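Student: Below you'll find the structure I mean.
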């Protein structure tokens, strides 16, 4: 660790902080909570306490801003610089600034807190099912008032739990209207506006009037970002317009075409060529909690560490279950000493009614409801330990649970309890199957399970089995030596993958549709074209190669590359 | 894996991240985060100081200290980070 020259530190232990403004990316209570948890990281290991002020001057003044935001160190648009903070002292010293050209989340995509509805302010659950279709963003489908909404459980059709998503039609932030919603159209400097605008401002924040005439009433507020809104570019806050035309070609999803940095972008009107309105597509974003904890380290007197795993390392990386590194603890305790009184405890999230993606969601008190099933333990034979396998014959979802098949055995990850169960002997559950299963899928309509091995396939309905039959019966060519992956596409259609090609199977007709095969890379750009497992899980497409997976969202953007072992199997 | 088909790059209006060369990016980075400044102060010639600045940066980031703008160093320079300089100014 390193401290600033002269060991700059606060001369008191009761530190105050004040949040001067909010990012439109997250609901204010989520931002308050992220900052509170970030302070708790440091108070847990020192004698420091942090008290929030709502007016006046606090030791640590926290604000969001873009580019030139009032100090000598401008931000640089999306990515690059995320935030900065000053070492302890008077005035600007001790303050923390966050770049609002970033997409602020809790590190795993938009965190959308709902209002109204019947879910008591719960977070949206993405994806959620509505009328049989999976949604990964808020939607206005099913409504005539254009208010975006989401399901707050996995299945709206079953649970009927929902809430409304942030939008300017629901409320505004800051300004002088006590959060009232926008009124459209409104008049500003004699001109009529039908949507939020950045006109009249130099800080690029979107605003609206909360009466029909700003010139007369002077009532306004800032518009919250919709989860579908682009960031940066020149159309911040607007949703992508699909399809859009760019250099004469039509695009149905975000693209990195035209950019050297590979960032995904979209146009916000039908034609980029004509209107040149664009922005970056919503992504995983940066964890406000993690960045704030780092910046508050500066505000307390810590400089950058050169230990990669330390919080005070200068680069951002997302960690799921954060805990303060020994180097950070030594650094802050060098300045302020250790915690006196009760033993230090791991920081816990402040009580809320919802779980956040960067907190531990595991409920240790919950026990699996299937006590007869063996769970993996360290004493298991290494050849039967899923965590010691680098590759699986196939991975698929059966009855909502991820199943991992390898050499006559399988494991399943309970989606309910997030616990890995197994190994089970494949032939005990599905007696007709051979030891090696190349691919499998469950037909969403009939719940029949299709298994492929080599050039044969079997169909299971409960315990009844049909097969083996030749894959040629489905219309696959005899050149197909094995089917390596399957993706359900809507009701009754499944994409089957083999080599660099895929085919669309009409499950009801048991025939391959016309127009196939197609090349994988013509439709699924950015994933390995030699994936040995392809499957659909929680609305995302997964392409596996060796121990890695490429995850693709329904817009066919690769939004994550990770380890099967750690992310899907949740191995230690 | 599959490579997106393309390669016409355009200048997007309002995009403050311009297409810069690797050398320009590296020089900006070393200056912005204090590596160049402190080395220049100690009186080295620019050529030497660039290499030394790179080594300092590589040490700070836990990279191999080659003193050259190798792919790992360039990759580190492109990653999102805190705006506080690594070397006190």
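Residue numbers (my numbering), protein chains in the order written: chain A, 13 to 584; chain Z, 2 to 90. Ideal placement from N, C-alpha and C gives every residue a C-beta, glycine not left out. Quick caveat: nothing in here was measured; it's all calculated off a predicted structure.
#1: Considering only residues of the same chain and omitting the five flanking positions on each side of residue 149(A), which have a CB-CB separation below 6 Å?
#2: State yes or no: is the beta carbon of residue 81(Z) nearer than 8 Å to at least one beta carbon in chain A?
#3: Would you mind giving the Cβ-Cβ distance between residue 580(A) and residue 327(A), rounded to the nearest angstrom? I have them listed as a contact below 8 Å.
#4: Which of the residues in the segment 53–75 of chain Z, read from start to end, lie with their CB under 9 Å from any CB of chain A?
#5: Spatial neighbours of residue 67(Z) within its chain, please: C-beta separation below 8 Å, excluding the five flanking residues on both sides.
#6: Are any of the Cβ atoms in chain Z nearer than 8 Å to that of residue 370(A)?
#7: Looking at residue 559(A) and residue 496(A), is the spacing between their C-beta atoms short of 8 Å?
#8: Under the assumption that residue 405(A) contacts residue 418(A) (Cβ atoms under 8 Å), give the Cβ distance between them as a whole number of angstroms.
#9: Can you say whether residue 20(A) is buried or exposed, counting buried as having 16 or more other CB atoms within 10 angstroms of its CB?
#10: Shorter than 8 Å from the beta carbon of residue 23(Z) to some beta carbon of chain A?
#11: Candidates 91(A), 74(A), 141(A), 96(A): which alpha carbon is nearest residue 84(A)'s?
#12: To test your reading of the DSSP string, which unbroken beta strand (DSSP E) runs of 3 or more residues are found completely within the segment 200–230 of chain A?
#13: Give the range of the alpha helix (DSSP H) segment to which residue 145(A) is assigned.
#14: Provide the residue span of the beta strand (DSSP E) that contains residue 509(A), from first to last.
#15: May I ask which residues mark the beginning and end of the beta strand (DSSP E) holding residue 435(A)?
#16: Going by alpha carbons, who is nearest to residue 137(A) out of 539(A), 116(A), 299(A), 176(A)?
#17: How long is the line joining the alpha carbons of residue 468(A) and residue 493(A), rounded to whole angstroms?
#18: In the segment 281–297 of chain A, which residues sit with their C-beta less than 7 Å from some C-beta in chain Z, listed in chain order?
#19: Would you report the Cα separation of residue 373(A) and residue 491(A), rounded to the nearest angstrom?
#20: Residue 135(A) and residue 159(A): beta carbons closer than 8 Å?
#21: How about the segment 28–37 of chain Z and the segment 79–89 of chain Z: do they share at least three Cβ pairs that are nearer than 8 Å?
#22: Counting Cβ pairs closer than 8 Å, one from the segment 448–467 of chain A and one from the segment 499–519 of chain A, do we hit at least three?
#23: Provide the residue(s) that pair with residue 554(A) in DSSP beta bridges, ordered along the chain.
#24: Within 10 Å of its beta-carbon, does residue 215(A) have 16 or more other beta-carbons around it, so buried, or fewer, so exposed?
#25: Tell me residue 142(A)'s beta-bridge partners as DSSP assigns them.
#26: Starting from residue 573(A), follow its DSSP beta bridges and name the residues at the other end.
#27: Roughly how many angstroms separate the alpha carbons of residue 506(A) and residue 517(A), rounded to a whole number?
#28: Looking at C-alpha atoms only, which residue of 296(A), 312(A), 557(A), 268(A) is the closest neighbour of residue 401(A)?
#29: Less than 8 Å between the C-beta atoms of residue 486(A) and residue 523(A), yes or no?
#30: When the distance is taken between beta carbons, is residue 291(A) closer than 8 Å to residue 262(A)?
#31: Establish whether the CB of residue 95(A) and some CB of chain Z are separated by less than 8 Å.
#32: Going along chain Z in order, which residues have a C-beta closer than 9 Å to the C-beta of residue 245(A)?
#33: Can a CB atom of chain A be found closer than 8 Å to the CB of residue 84(Z)?
#34: Nearest by alpha-carbon distance to residue 527(A): which of 129(A), 488(A), 504(A) is it?
#35: Okay, do the segment 49–65 of chain A and the segment 78–93 of chain A touch, 3+ Cβ pairs below 8 Å being the bar?
#36: With H, G and I counted as helix, E and B as strand and the rest as coil, what does DSSP make of residue 72(Z)?
Tutor: Quick look at the numbers:
#1: So the qualifying residues of the chain are 239, 240.
#2: Output row for residue 81(Z): interface = yes.
#3: The C-beta distance from residue 580(A) to residue 327(A) rounds to 26 Å, too long to fall under 8 Å, and the pair is not in contact.
#4: In summary, the residues of the segment 53–75 of chain Z whose CB is separated from some CB of chain A by less than 9 Å are 60, 61, 62, 63, in the order they occur in the chain.
#5: Setting aside the 5 residues that flank it on each side, residue 67(Z) is surrounded in the same chain by 55, 56, 59, 74, each with a C-beta closer than 8 Å to its C-beta; the list follows chain order.
#6: With a pLDDT of 42 at residue 370(A), under the threshold of 50, the predicted position of this residue should be treated as unreliable, though the coordinate-derived value follows. Cβ-Cβ to chain Z under 8 Å: no for residue 370(A).
#7: The beta carbons of residue 496(A) and residue 559(A) sit no closer together than 8 Å.
#8: Rounded, the Cβ-Cβ distance is 5 Å, consistent with contact.
#9: Buried, since its Cβ has 16 or more Cβ neighbours within 10 Å.
#10: For residue 23(Z), the answer is no, since every Cβ of chain A falls outside 8 Å of its Cβ.
#11: Nearest to residue 84(A) by C-alpha distance, out of 91(A), 74(A), 141(A), 96(A), is 96(A).
#12: Counting only runs of 3 or more, we get 203–205, 219–221.
#13: According to the DSSP assignment, residue 145(A) belongs to no alpha helix (DSSP H) but to the beta strand (DSSP E) extending over 145–147.
#14: In the DSSP assignment, residue 509(A) falls within the beta strand (DSSP E) that extends over 505–510.
#15: Note, residue 435(A): beta strand (DSSP E), 432–437.
#16: Answer by Cα proximity: 176(A).
#17: The straight-line gap from Cα to Cα measures roughly 9 Å.
#18: Legend: CB atoms of the segment 281–297 of chain A lying less than 7 Å from CB atoms of chain Z belong to residues 288, 290.
#19: Summary for residue 373(A): the model assigns pLDDT 34, below 50, so the residue's position carries little reliability, and this model does not support an answer.
#20: Result no, Cβ atoms of residue 135(A) and residue 159(A) do not sit closer than 8 Å.
#21: Segments in contact, yes.
#22: Because the criterion of three Cβ pairs below 8 Å is met, the segment 448–467 of chain A and the segment 499–519 of chain A touch.
#23: Beta bridge pairing from DSSP links residue 554(A) with 547(A), 563(A).
#24: Around the CB of residue 215(A), fewer than 16 other CB atoms lie within 10 Å, so the residue is classed as exposed.
#25: Partner(s): 145(A).
#26: BP columns for residue 573(A) point to 562(A).
#27: Rounded to the nearest angstrom, the two C-alpha atoms are 5 Å apart.
#28: Ranking the options by Cα distance to residue 401(A), first place goes to 557(A).
#29: Contact annotation: residue 486(A) and residue 523(A) have beta-carbon atoms nearer than 8 Å.
#30: Their beta carbons are not under 8 Å apart, which means residue 262(A) does not touch residue 291(A) by this criterion.
#31: Taking Cβ atoms only, chain Z reaches closer than 8 Å to residue 95(A), which makes this a yes.
#32: What residue 245(A) touches in chain Z: 13, 14, 15, 16.
#33: Yes, its Cβ sits closer than 8 Å to a Cβ of chain A.
#34: The shortest C-alpha separation from residue 527(A) is found at 488(A).
#35: Two segments are said to touch when three or more pairs of C-beta atoms, one from each, lie closer than 8 Å; by this definition the segment 49–65 of chain A does not touch the segment 78–93 of chain A.
#36: If DSSP states are grouped into helix, strand and coil, residue 72(Z) belongs with the helices.
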